[in-house]
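Chemist:
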């Protein structure tokens with residue numbers, strides 16, 4: 113099992129940081145290709161179907 117990512121108290125965490133942290137999980141658990149594009153991950157299935165996963169701060 114992969115270690116949890118822990119940010120230190122007071123660290124500035126951006127949507128890009130969260131997206132970049134999610135990419136390895138998608139790479140590990142899904143067949144296809146995942147590319148990071150800033151705050152967005154683009155996941156492409158082997159048949160070419162694409163999904164976009166966006167991270168936004170609330």
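Residue numbers (the numbering used here): 113 to 170. Every residue gets a Cβ at the ideal spot worked out from N, C-alpha and C, and that includes glycine. Here the structure is a predicted model, which is why all the values come from computation and not from measurement.
(1) If residue 161 sits next to residue 148, beta carbons under 8 Å apart, how far is it from one beta carbon to the other, in whole angstroms?
(2) Which residues mark the beginning and the end of the alpha helix (DSSP H) in which residue 137 is found?
(3) When the Cα atoms are used, what is the spatial distance from residue 125 to residue 156?
(4) From residue 145 to residue 118, what does the alpha carbon distance come to, in whole angstroms?
Modeler: This is what the structure gives:
(1) Beta-carbon to beta-carbon, residue 161 and residue 148 are separated by about 19 Å, too far to satisfy the 8 Å threshold.
(2) Element bounds for residue 137: 127-141.
(3) Answer to the nearest angstrom: the Cα atoms are 27 Å apart.
(4) Spanning the two alpha carbons is a distance of roughly 26 Å.
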